[in-house]
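Input: a single structure, listed below in structure tokens.
2 protein chains.
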Amino acid sequence: MKKAVVILSGGLDSATCMGIAKDEGYELYPITFHYGQRHSREVESAIKMSEYYDTRSHKVINLDWLRQIGGSSLTDISLDVPTSGLTDEIPNTYVPARNLIFIALATAYAEVISASALFLGVNSLDYSGYPDCRPEFIQSMSKTINLATKNGVTGMNIKIETPLINMTKAEIIKKGLELGVPYHLTTSCYQGKELACARCDSCRLRIKGFQENKIIDPIDYEKSIVWN
Amino acid sequence: MKKAVVILSGGLDSATCMGIAKDEGYELYPITFHYGQRHSREVESAIKMSEYYDTRSHKVINLDWLRQIGGSSLTDISLDVPTSGLTDEIPNTYVPARNLIFIALATAYAEVISASALFLGVNSLDYSGYPDCRPEFIQSMSKTINLATKNGVTGMNIKIETPLINMTKAEIIKKGLELGVPYHLTTSCYQGKELACARCDSCRLRIKGFQENKIIDPIDYEKSIVWN
Numbered sequence: 000m001k002k003a004v005v006i007l008s009g010g011l012d013s014a015t016c017m018g019i020a021k022d023e024g025y026e027l028y029p030i031t032f033h034y035g036q037r038h039s040r041e042v043e044s045a046i047k048m049s050e051y052y053d054t055r056s057h058k059v060i061n062l063d064w065l066r067q068i069g070g071s072s073l074t075d076i077s078l079d080v081p082t083s084g085l086t087d088e089i090p091n092t093y094v095p096a097r098n099l100i101f102i103a104l105a106t107a108y109a110e111v112i113s114a115s116a117l118f119l120g121v122n123s124l125d126y127s128g129y130p131d132c133r134p135e136f137i138q139s140m141s142k143t144i145n146l147a148t149k150n151g152v153t154g155m156n157i158k159i160e161t162p163l164i165n166m167t168k169a170e171i172i173k174k175g176l177e178l179g180v181p182y183h184l185t186t187s188c189y190q191g192k193e194l195a196c197a198r199c200d201s202c203r204l205r206i207k208g209f210q211e212n213k214i215i216d217p218i219d220y221e222k223s224i225v226w227n
Numbered sequence: 000m001k002k003a004v005v006i007l008s009g010g011l012d013s014a015t016c017m018g019i020a021k022d023e024g025y026e027l028y029p030i031t032f033h034y035g036q037r038h039s040r041e042v043e044s045a046i047k048m049s050e051y052y053d054t055r056s057h058k059v060i061n062l063d064w065l066r067q068i069g070g071s072s073l074t075d076i077s078l079d080v081p082t083s084g085l086t087d088e089i090p091n092t093y094v095p096a097r098n099l100i101f102i103a104l105a106t107a108y109a110e111v112i113s114a115s116a117l118f119l120g121v122n123s124l125d126y127s128g129y130p131d132c133r134p135e136f137i138q139s140m141s142k143t144i145n146l147a148t149k150n151g152v153t154g155m156n157i158k159i160e161t162p163l164i165n166m167t168k169a170e171i172i173k174k175g176l177e178l179g180v181p182y183h184l185t186t187s188c189y190q191g192k193e194l195a196c197a198r199c200d201s202c203r204l205r206i207k208g209f210q211e212n213k214i215i216d217p218i219d220y221e222k223s224i225v226w227n
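Written out as structure tokens, the structure reads:
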């Protein structure tokens with residue numbers, strides 16, 4: 000059975016990737032990074048998601064030192080997470096080189112277990128403007144990982160699959176609902192509290208996606224949302 | 000003062016990179032990875048090297064889970080390190096995606112401290128055939144890291160400097176001796192014992208390099224070496 004490493008944050012996008020990879024017939028090998036993010040609650044969501052999909056193995060990797068080097072409001076609690084909506088600038092929730100690091104680490108894992116695919120839930124439409132979510136980064140990284148590895152030399156390339164990259168949040172949710180992705184187990188809010196704040200960029204994009212599908216989001220928010 | 004992150008293993012090549020970066024006028028920010036390698040003694044060498052160069056900060060990052068995923072005789076003590084000399088094959092001392100991971104992590108650090116260069120002591124002549132030491136990997140990675148980061152978007156590119164990539168081991172040592180690199184503080188042997196084994200690929204390349212310079216290596220070996 001072909002194997003896929005799925006970079007699983009516990010959020011909505013990576014959960015949808017799990018559903019897509021399973022639907023495409025892959026045996027799922029999720030990998031989750033605990034990097035000192037204030038919403039480490041999402042790691043618990045990732046664990047529940049792995050259990051839901053009955054995966055054989057779920058790697059949870061501690062990268063706490065990413066918090067130590069700082070540079071992001073997601074890992075530095077002295078910085079405020081923006082709550083006034085998306086702008087044209089890269090927000091302070093950007094974590095330096097996060098997807099570069101995640102893909103590098105997942106590549107090592109994929110090589111060791113002989114996985115042929117590496118799924119990553121980036122998207123470049125309804126997103127926060129992070130540079131490492133752009134198609135040009137993914138294309139360049141796809142080439143680079145196969146130059147870096149023994150697999151690449153022997154012709155057993157690892158393919159980075161980003162099925163969501165050109166989808167809106169609404170399209171992602173529609174796809175996930177079709178595949179039965181358990182969105183009630185996911186966590187998106189950057190604040191990492193028990194109830195989602197509904198104001199951070201991540202909540203705003205998620206709410207908009209459910210609203211456009213005319214579906215009520217199954218998670219709980221700290222204020223009431225008008226679900227059309 | 001311009002800043003450089005130097006990926007410092009504690010071995011001979013990265014020590015030479017420290018000397019070169021210093022000579023080029025950079026303020027040195029070494030970063031060392033403890034990845035469960037059997038020769039973790041080299042981490043102690045890296046710490047001594049950082050002290051020797053009186054660096055302001057030395058990051059030592061724990062990546063012990065690289066040992067957990069295995070796939071290399073450097074991290075899996077059930078596999079033997081080869082001692083019969085280099086062949087055309089990639090040896091089992093290859094650590095999956097190691098330089099991909101190290102550069103990714105060092106990129107995040109470089110971005111946070113606003114370093115303009117990232118020094119890496121790879122070389123593609125007297126080496127063990129690892130795919131992630133080849134110029135084509137470095138070229139591709141150089142492009143990729145700047146697509147992954149905010150710095151790249153704002154035009155403050157980080158440059159991967161690999162000054163040793165086209166040098167023989169003898170040329171590297173010659174350069175290092177000119178720059179006063181303290182080779183007596185370095186550790187190269189893959190076996191990680193108190194005395195270098197003189198038989199693993201890393202020892203063989205090091206000994207050859209000193210012999211070609213007609214210089215006695217200042218470190219101790221477990222057997223006597225003919226130094227010409």
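Read top to bottom, the protein sequences are chains A and B. Counting with numbering that gives the first Met the number 0, you get residues 0 to 227 for the letters of the first sequence. Counting with numbering that gives the first Met the number 0, you get residues 0 to 227 for the letters of the second sequence. C-beta: ideal position from N, C-alpha, C; glycine also.
Just to confirm my understanding: we take residue i, look at its own chain, exclude 5 residues before and 5 after, and list those with CB closer than 7 angstroms. What are they?
i       : result
S56(A)  : Y28
S201(A) : S187, C188, Y189
I224(A) : A197, I206
N150(A) : E110, N156, I157
L22(B)  : Per the sequence shown, the amino acid found at residue 22(B) is Asp instead of Leu. The residues are L178.
What number of angstroms, rounded off, separates the C-alpha of residue i from the C-alpha of residue j?
i       : j       : result
T148(A) : K173(A) : 36 angstroms
M166(A) : K207(A) : 14 angstroms
I36(B)  : T54(B)  : Residue identity check: residue 36(B) is Gln in the sequence provided, not Ile. If you take the alpha carbons of Q36(B) and T54(B), they lie about 24 angstroms apart.
Q138(A) : D219(B) : 47 angstroms
M155(B) : N145(B) : 9 angstroms
L204(B) : C132(B) : 15 angstroms
I215(B) : L73(A)  : 52 angstroms
A109(A) : G69(B)  : 12 angstroms
K168(B) : Y25(B)  : 24 angstroms
T31(A)  : Y52(A)  : 15 angstroms
Q67(B)  : P81(A)  : 37 angstroms
A105(A) : V180(A) : 22 angstroms
A195(A) : I159(B) : 41 angstroms
K213(B) : I157(A) : 45 angstroms
S113(A) : Y129(B) : 18 angstroms
K1(A)   : M48(A)  : 20 angstroms
S71(A)  : T143(B) : 21 angstroms
G175(A) : G18(A)  : 7 angstroms
Y182(B) : E41(B)  : 12 angstroms
E43(B)  : Y126(A) : 43 angstroms
Judging by CA-CA distance, which residue of the options is the nearest neighbour of residue i?
i       : options                           : result
I100(B) : D63(B), S127(B), P90(B)           : D63(B)
E135(A) : R40(A), N227(A), Q210(A), N122(A) : N122(A)
D75(A)  : G84(A), V94(A), T86(A)            : V94(A)
P162(A) : T86(A), L119(A), Y25(A)           : L119(A)
G9(A)   : E23(A), V59(A), A3(A)             : V59(A)
L78(A)  : T92(A), E170(A), K213(A)          : T92(A)
L124(A) : I157(A), T153(A), D12(A)          : D12(A)
L178(A) : I6(A), L184(A), T15(A)            : T15(A)
D87(A)  : S115(B), S127(B), V152(B)         : V152(B)
A107(B) : D22(A), A96(A), E23(A)            : A96(A)
V4(A)   : S115(A), E193(A), H183(A), I46(A) : S115(A)
Going by DSSP, what residues sit across from residue i in a beta bridge?
i       : result
H33(B)  : N61(B)
A116(A) : A3(A), K158(A)
A197(B) : Per DSSP, none; premise fails for A197(B).
E26(B)  : K2(B)
Y220(A) : A195(A)
Taking C-beta pairs closer than 8 angstroms, name the residues in chain B that residue i reaches, listed in chain order.
i      : result
L85(A) : Within 8 angstroms Cβ-Cβ: nothing; L85(A) doesn't reach chain B, min ~16 angstroms.
G70(A) : A107, E110, V111
I46(A) : Near I46(A) there are no residues of chain B at all, since even the closest Cβ is about 16 angstroms away, more than 8 angstroms.
I60(A) : W64
Y93(A) : K149
In chain B, which residues lie less than 7 angstroms from residue i when you measure between Cβ atoms?
i       : result
N98(A)  : A147
L104(A) : I100
In chain order, what residues of the same chain lie with their CB nearer than 8 angstroms to the CB of residue i, ignoring the 5 residues before and after it?
i      : result
S39(A) : H33, G191
Within the same chain, show all residues whose beta-carbon is closer than 6 angstroms to that of residue i, passing over the 5 residues directly before and after it, in chain order.
i       : result
M140(B) : I102
L85(B)  : D200
Q210(B) : N227
N98(A)  : D131
I171(B) : T15, L163
N61(A)  : H33
I46(A)  : none
In chain A, which residues lie with their C-beta within 8 angstroms of the C-beta of residue i?
i       : result
E135(B) : L146
S139(B) : S139, K142, T143, L146
P29(B)  : Under the 8 angstroms cutoff, chain A gives no residues; its nearest Cβ is about 14 angstroms from P29(B).
In chain B, which residues lie less than 9 angstroms from residue i when you measure between Cβ atoms?
i       : result
P181(A) : In chain order: nothing, as chain B lies at least about 27 angstroms away.
I89(A)  : K149, V152, T153
P81(A)  : The premise fails here: P81(A) is roughly 15 angstroms from chain B at the closest Cβ pair, so nothing lies under 9 angstroms.
Name, please, each residue of chain A whose Cβ falls closer than 7 angstroms to the Cβ of residue i.
i       : result
P130(B) : L146, A147, T148, K149, G151, V152
Should residue i be flagged as near chain E, meaning a C-beta pair shorter than 8 angstroms?
i       : result
P181(A) : Of the chains in the structure shown, none is chain E; the protein chains are A and B.
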